[in-house]
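A.B. asks: Please read through the structure below; I'll follow up with questions.
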Amino acid sequence: MSKTYSINRRDFIKYTGLTTAGLAFGFYISSAGKLIAQDVKTVFSPNLWLQIDKDGIVTITMHRSEMGQKVWTALPMIVAEELEADWSKIKVVQGNLNEEFGSQVTGGSASIRTSYDKLRKAGATAREMLILAAAIEWGVERETCFAENGYILNSVTDNKLSYGQLIDRANTLPIPKKVTLKDPKDFKIIGKSIKSLGEASKIDGSLKYGYDLQFPGMLTAMVIHSPVVGGKVNSFDSIETLKVSGIQKVFQISSGIAIVGEDTWSILEGQKKIKIEWMPGDNKDLSSETISETFKNALSKKSEIVLEKGDFTDEYNNSETRLEAIYEAPYLDHATMEPVNCTAKIENGFCEVWVPTQDPAGAFEEVRKITGFPKKNIKIITLKSGGGFGRLHAVDYVRDAVEVAMQIKVVVKVIRTREEDIKNGTYRPATINQVKSGLDKNGMPTSWFNRISGPDNVHHWFITGGSDDLPYEIPNIQIDYVRSKIDIPVGPLRSVGHIQNAFVNECFIDELANLANQDPFEYRRSLMKNNARQLKVLEVVAEKADWKGRNNNNKFYGIASHYSFQSYAAMVAEISINSKRKMKINRIICAIDCGLVINPDGVRAQVESGVALALTAALFGEITFKDGKIQQSNFHNYKLIKMNQMPQIETYIIPSYEAPTGAGEPPVPPTAPALANAIFAATGIRHRSLPIIKYAPNLI
Amino acid sequence: MKEITFIINGEKKSLVVDPKMKLLWFIRDILGLTGTKYSCGKSLCGTCMVHIDGKAVNSCSTIVSKIDGKTITTIEGLSKNVDHPLQSAWVKEEVSQCGYCQPGQIMKAAELINKIPKPTDDDIDKHMSKVLCRCGTYNRIRKAIHTAAEVS
């Protein structure tokens, strides 16, 4: 077994005089960027993204957060491609928080887009060094050597050396500053079907999510939060709780009462006996009705501009045919399958945190704020999560864990029940949109107005995002927003503002098409002559759905397309109404252009999960308030779509050599409007408010 | 407190327990087998699915005294080398995304193909709709069950 010594880079150079990747035998750079001495095995690691050992095993560090979107596979594919690695010899390790990785925020469908170039360079750098190492080994010109599938080969002599055989010599070489990247047309791994990494551990019970962590001597805790949103503890009585077997401690933290026990069952039993008196605070009279009224009234207040083009008011007032509508969407909870959790250990002025997070730097900052510890005394360990969808950007659950850990002497895992998770989320904000449009004598819109009304406790993009991504060539546009003080915690939910604004854009354009007596597909098409990529996904999806051949013979179709996070997506929803007048969603057909695709099956999977999330929201999703309390508590009143409700999904990826963009969020926005437009085709009823189960319960 | 004796994943055990403890927490916290997951605690989602004498049950709503004298299988005990036909099919069809619900999905599917070796789509929907998946892997689960059924 090897011994490891930790030594920082500056000291290493001082002691050894080596300034190249010219690591002497026995040293490598760990994924944390530290030089580690190993006195048995040697590895080659010219940068913190990869290391190769004597057996040719390539260990790639994945620096973002894996939550099912499979960056665990896609990002290593990029490194492996340029490295010309043998995919069967790839291993992946989590890159924990380290400034040298650059941003480690996972969101905005941006992991591939923002990592592509540097991961290519990292792989290419190692490849170049291995080629040079082989050339030196054989005493030949570098130009006669090339890399292929884990080997360096000599084009003249047919000699070959595996990467594992070359690491010692590669370690003596300087790191090249410039490297040639492969021509994408020569890609062998990127864009191809490959076996995803890390799959077995998800299906044999061995993968430890945050909820599963177990350490020797660990305690577990749950925090009881105020039933009224934003309320505070007035007093509590834990006498009976402390008598319950396994309960260790009960105390107050900033968000509520923490119950600490030896195991989960003790805490669940102990919770039943706790008595808490709450000060409800300012939200005690808050209800969904008051929120809706506040947002509606705000429509007539002074607004802030998002986009202004031409003169909307003038054009609208001079139009003979005008349409105006109010659209409404509720608060939504992320409902990750794994309730949020965080494990923390505070000992001797050091804090270690194990956490499913989409923002380890944000978690770090929260820990530093609470503990006051110096930066080098805080460690954040990023875990794979049972779903993120934007929930894990928030640090409320990190705060809970650190505050609990500060009062406990051992490592403590802070978990939640589903009820606590639903009732203490960071919700997708509710919004009301007022839209108006005026048509010319050909029925085409020449003016478009969209005023978004929502809460003021986040950046406006959370409610306006997507409203100005109108692909339609309309000369007079006014998009603005008004905000009101509503103190419900909010956060980004997969596609953020796009999920509502695409609903509004794509349903309203359908309403206009209907008013103008025109086909919804042709109507959209004629309004996006100069938007080639948007037009392409729209045309492909219409073709694959046989839009032109539809005859409404109990198959009804709705179409929608939307641009978000630099990708283009279009959907057609096909529904039927059965003899009991219930709707069945038969198919969702999707065309997506996300530039150059790294993992095609990964893109298909993202479309499937994006559609599932969007349908869940459109059909069932609603967080409602009464007397300041959230009324939903579990999956019986906050429903998720089930297998027998899931449509077939057909995904068509537009082949492209454009820069890679994301697929995590782009499939979400067009789904609900495609569905609502299909429902209109089937029933003649226009749904401007969601969820469907509330406004058309008979359909479900 | 009560002494119970049971076989779990092929191993016989005797332990003194709070008979009212929910089986899920017994499996996870006392036996240390965390492959069986918590997501709702109210038999609404199926992630906690285990087999008691071959029958798939929601362990979150089953009290531990019910396993006295019985045989329990959790996801960890489904196979020795992740090679149950369902597990192989799950890998082949690239089913999992976040993976959190998949142990429950597989345990429920294992009960299905034990009962109905070659299930139809309707059989699958009827049986499997009790297990939720937030990532929407349902169509791939259905395909994987067919794949496993063909192999068995």
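Protein chains in written order, with this note's numbering: chain G, 6 to 705; chain R, 1088 to 1239. Heads up, the beta-carbon is just placed ideally off N, CA and C, and yes, glycines get one too.
1. Would you verify that the beta carbon of Ile-95 of chain G is, or is not, closer than 8 angstroms to some beta carbon of chain R?
2. Please list, in chain order, all residues of the same chain as Ile-279 of chain G whose beta carbon is under 8 angstroms from its beta carbon, the five residues on each side excluded.
3. Pro-344 of chain G and Asp-217 of chain G: beta carbons closer than 8 angstroms?
4. Ordered along the chain, which non-local residues of its own chain (more than five positions away) have a Cβ less than 6 angstroms from that of Phe-630 of chain G?
5. Check whether the Cβ atoms of Thr-1158 of chain R and Ile-1094 of chain R lie closer than 8 angstroms to each other.
6. Got a sec: is the Cβ-Cβ distance from Arg-423 of chain G to anything in chain R below 8 angstroms?
7. Should Val-1178 of chain R be flagged as near chain G, meaning a C-beta pair shorter than 8 angstroms?
8. Looking only at its chain, what residues have a beta carbon closer than 6 angstroms to the beta carbon of Gln-257 of chain G, apart from the 5 residues adjacent to it on each side?
9. With contact counted as at least three CB pairs below 8 angstroms, one residue from each stretch, are the stretch 609-622 of chain G and the stretch 497-512 of chain G in contact?
10. Please return the same chain residues whose Cβ sits closer than 8 angstroms to the Cβ of Gly-1186 of chain R, not counting the five positions on each side in sequence.
11. Where does Arg-15 of chain G fall in DSSP's three states?
12. Is the beta carbon of Pro-672 of chain G closer than 8 angstroms to that of Phe-625 of chain G?
13. With distances taken from CA atoms, which of R:Ala-1176, R:Thr-1092 and R:Cys-1147 is nearest Ala-1235 of chain R?
14. Just to confirm the assignment, what range does the alpha helix (DSSP H) spanning Gly-615 of chain G have?
15. Just how far apart, CA to CA, sit Asp-1200 of chain R and Ile-1232 of chain R?
16. Helix, strand or coil for Thr-66 of chain G? Go by DSSP, reduced to three states.
17. With DSSP as the reference, identify every bridge partner of Val-487 of chain G, one or two as the case may be.
18. With distances taken Cα to Cα, identify the nearest neighbour of Arg-125 of chain G among G:Arg-456, G:Ile-635 and G:Leu-55.
19. Could one say the Cβ of Gly-1156 of chain R lies closer than 8 angstroms to chain G's Cβ atoms, at least one of them?
20. Does Ile-1109 of chain R get closer than 8 angstroms to chain G when you measure Cβ to Cβ?
21. Using a cut-off of 7 angstroms between C-beta atoms, extract the partners of Thr-656 of chain G located in chain R.
22. Excluding the five sequence neighbours on either side, which residues of its own chain have a C-beta within less than 8 angstroms of the C-beta of Thr-25 of chain G, listed in chain order?
23. Exposed or buried, Ile-310 of chain G, counting other C-beta atoms within 10 Å across all chains shown (16 or more means buried)?
24. Is the beta carbon of Phe-508 of chain G less than 8 angstroms from the beta carbon of Ala-334 of chain G?
25. Does DSSP classify Ala-435 of chain G as helix, strand or coil?
26. Report the neighbours of Tyr-214 of chain G on chain R: residues whose CB is nearer than 7 angstroms to its CB, in chain order.
27. Grouping DSSP H, G and I as helix and E and B as strand, with all else coil, what is Leu-328 of chain G?
28. Could you tell me which residues DSSP puts in a beta bridge with Trp-270 of chain G?
29. What do you get for Pro-665 of chain G, buried or exposed, if any count of 16 or more other CB atoms within 10 angstroms of its CB means buried?
30. Count the other CB atoms within 10 Å of the CB of Tyr-700 of chain G; is the residue buried (16 or more) or exposed (fewer)?
31. Cβ atoms of Leu-543 of chain G and Ser-566 of chain G: under 8 angstroms apart, would you say?
32. By how many angstroms is the C-alpha of Ser-581 of chain G removed from the C-alpha of Lys-589 of chain G?
33. Based on DSSP bridge pairs, tell me the residues matched to Gly-443 of chain G.
34. Using 7 angstroms as the cut-off, classify the Cβ of Glu-153 of chain G as near or not near the heavy atoms of the ligand MG, replying yes or no.
35. Quick one: which chain G residues come within Cβ less than 8 angstroms of Thr-1134 of chain R?
36. Measuring CB to CB, does Val-403 of chain G end up less than 8 angstroms from Ala-368 of chain G?
C.D. replies: On the basis of the coordinates in this document:
1. If you number the first sequence from 1, residue 95 of chain G lands on position 90. Using a CB distance cut-off of 8 angstroms, Ile-95 of chain G does not count as an interface residue toward chain R.
2. Translated into positions along the first sequence, residue 279 of chain G becomes position 274. Contacts found: Ile-229, Phe-241, Asp-242, Ser-243, Glu-245, Thr-246, Val-255, Ile-262 and Ile-264.
3. Taking the first sequence and counting its residues from 1, the one referred to as residue 344 of chain G is at position 339. Taking the first sequence and counting its residues from 1, the one referred to as residue 217 of chain G is at position 212. Not closer than 8 angstroms, so no.
4. If you number the first sequence from 1, residue 630 of chain G lands on position 625. Within the same chain, Phe-630 of chain G has close Cβ partners Leu-291, Ser-292 and Ser-293.
5. As a working note, residue 1158 of chain R is residue 71 in the second sequence. As a working note, residue 1094 of chain R is residue 7 in the second sequence. Their beta carbons are under 8 angstroms apart, which means Thr-1158 of chain R touches Ile-1094 of chain R by this criterion.
6. Here the question's residue 423 of chain G lines up with position 418 in the first sequence. Yes, Arg-423 of chain G counts as interfacial toward chain R.
7. The sequence position of residue 1178 of chain R within the second sequence is 91, counting from 1. The beta-carbon of Val-1178 of chain R is placed less than 8 angstroms from the nearest beta-carbon of chain G.
8. Taking the first sequence and counting its residues from 1, one reaches residue 257 of chain G at position 252. Residues of the same chain with a CB within less than 6 angstroms of the CB of Gln-257 of chain G, apart from the 5 flanking positions on each side, are Val-238 in chain order.
9. Touching, yes, given that three or more Cβ pairs across the two stretches are closer than 8 angstroms.
10. Along the second sequence, read from residue 1 onward, the residue named residue 1186 of chain R stands at position 99. Hits under 8 angstroms: none found.
11. As a first step, residue 15 of chain G is located in the first sequence; it is residue number 10 there, counting from the start. For Arg-15 of chain G, the predicted model reports a pLDDT of 48, less than 50, meaning its position is unreliable and no value from the coordinates is stated.
12. For the purposes of this step, residue 625 of chain G is identified with residue 620 of the first sequence, where counting begins at 1. For the purposes of this step, residue 672 of chain G is identified with residue 667 of the first sequence, where counting begins at 1. Result no, Cβ atoms of Phe-625 of chain G and Pro-672 of chain G do not sit closer than 8 angstroms.
13. Here residue 1235 of chain R refers to the residue found at position 148 when the second sequence is read from its first residue. Ranking R:Ala-1176, R:Thr-1092 and R:Cys-1147 by Cα distance to Ala-1235 of chain R puts R:Ala-1176 first.
14. By one-based count along the first sequence, residue 615 of chain G stands at place 610. Per DSSP, Gly-615 of chain G is one residue of the alpha helix (DSSP H) stretching across 605-624.
15. Position 113 of the second sequence holds residue 1200 of chain R. Position 145 of the second sequence holds residue 1232 of chain R. Inspection of the sequence shows that residue 1200 of chain R is occupied by Ile rather than by Asp. Computed Cα separation, rounded: 8 angstroms.
16. For the purposes of this step, residue 66 of chain G is taken as residue 61 along the first sequence, with counting starting at 1. The three-state reading of DSSP puts Thr-66 of chain G in strand, counting E and B together.
17. Here residue 487 of chain G refers to the residue found at position 482 when the first sequence is read from its first residue. Bridge partners of Val-487 of chain G: G:Ser-458.
18. In the first sequence, the residue the question calls residue 125 of chain G occupies position 120. Of G:Arg-456, G:Ile-635 and G:Leu-55, the residue nearest in Cα terms is G:Leu-55.
19. Along the second sequence, one-based indexing puts residue 1156 of chain R at 69. No, because no Cβ of chain G sits closer than 8 angstroms to the Cβ of Gly-1156 of chain R.
20. Working through the second sequence from its first residue, we reach residue 1109 of chain R at position 22. Contrary to the premise, residue 1109 of chain R reads as Lys rather than Ile in this sequence. At least one chain G Cβ lies under 8 angstroms of Lys-1109 of chain R.
21. Residue 656 of chain G sits at position 651 when you count from the first residue of the first sequence. Within chain R, no C-beta atom comes less than 7 angstroms from the C-beta of Thr-656 of chain G; the nearest is roughly 11 angstroms away.
22. Looking up residue 25 of chain G in the first sequence gives position 20. Note that Thr-25 of chain G scores 45 on pLDDT, short of 50, meaning its location in the model is unreliable; the coordinates nonetheless yield the value given after this. Within the same chain, Cβ atoms closer than 8 angstroms to the Cβ of Thr-25 of chain G are found at Thr-177, Leu-178, Pro-179 and Ile-180, the five residues on either side in sequence being excluded.
23. What you label residue 310 of chain G is simply residue 305 of the first sequence in a count that begins at 1. Ile-310 of chain G is exposed by the Cβ-count criterion.
24. The sequence position of residue 508 of chain G within the first sequence is 503, counting from 1. The sequence position of residue 334 of chain G within the first sequence is 329, counting from 1. With respect to the 8 angstroms criterion, Phe-508 of chain G and Ala-334 of chain G are classified as neighbours on the basis of their beta carbons.
25. If you number the first sequence from 1, residue 435 of chain G lands on position 430. Residue state, collapsed to three classes: coil.
26. If you number the first sequence from 1, residue 214 of chain G lands on position 209. For Tyr-214 of chain G, the chain R residues whose C-beta falls within less than 7 angstroms of its own C-beta are Tyr-1187, listed in chain order.
27. Position 323 of the first sequence, counting from 1, holds the residue named residue 328 of chain G. If DSSP states are grouped into helix, strand and coil, Leu-328 of chain G belongs with the strands.
28. Counting from 1 along the first sequence, the entry for residue 270 of chain G is found at position 265. According to DSSP, residue pairing for Trp-270 of chain G in a beta bridge does not occur.
29. The residue you call residue 665 of chain G lines up with position 660 of the first sequence. Buried, because 16 or more other Cβ atoms sit within 10 Å of the Cβ of Pro-665 of chain G.
30. In the first sequence, the residue the question calls residue 700 of chain G occupies position 695. Flag for Tyr-700 of chain G reads exposed.
31. Start at 1 with the first residue of the first sequence, and residue 566 of chain G comes out as number 561. Start at 1 with the first residue of the first sequence, and residue 543 of chain G comes out as number 538. In this structure, the beta-carbon distance from Ser-566 of chain G to Leu-543 of chain G falls below 8 angstroms.
32. Here residue 589 of chain G refers to the residue found at position 584 of the first sequence. Here residue 581 of chain G refers to the residue found at position 576 of the first sequence. For Lys-589 of chain G and Ser-581 of chain G, the distance between alpha carbons rounds to 5 angstroms.
33. The residue labelled residue 443 of chain G in the question sits at position 438 within the first sequence. When DSSP reads this structure, Gly-443 of chain G sits in a beta bridge with G:Arg-327 and G:Ser-452.
34. Judged by which ligands are present, the structure shown has none, so any question about the ligand MG falls away.
35. Your numbering for residue 1134 of chain R matches position 47 in the second sequence. Residues of chain G passing the Cβ test: Met-342.
36. Within the first sequence, the letter at position 398 stands for residue 403 of chain G. Within the first sequence, the letter at position 363 stands for residue 368 of chain G. When the beta-carbon positions are compared, Val-403 of chain G and Ala-368 of chain G come within less than 8 angstroms of each other.
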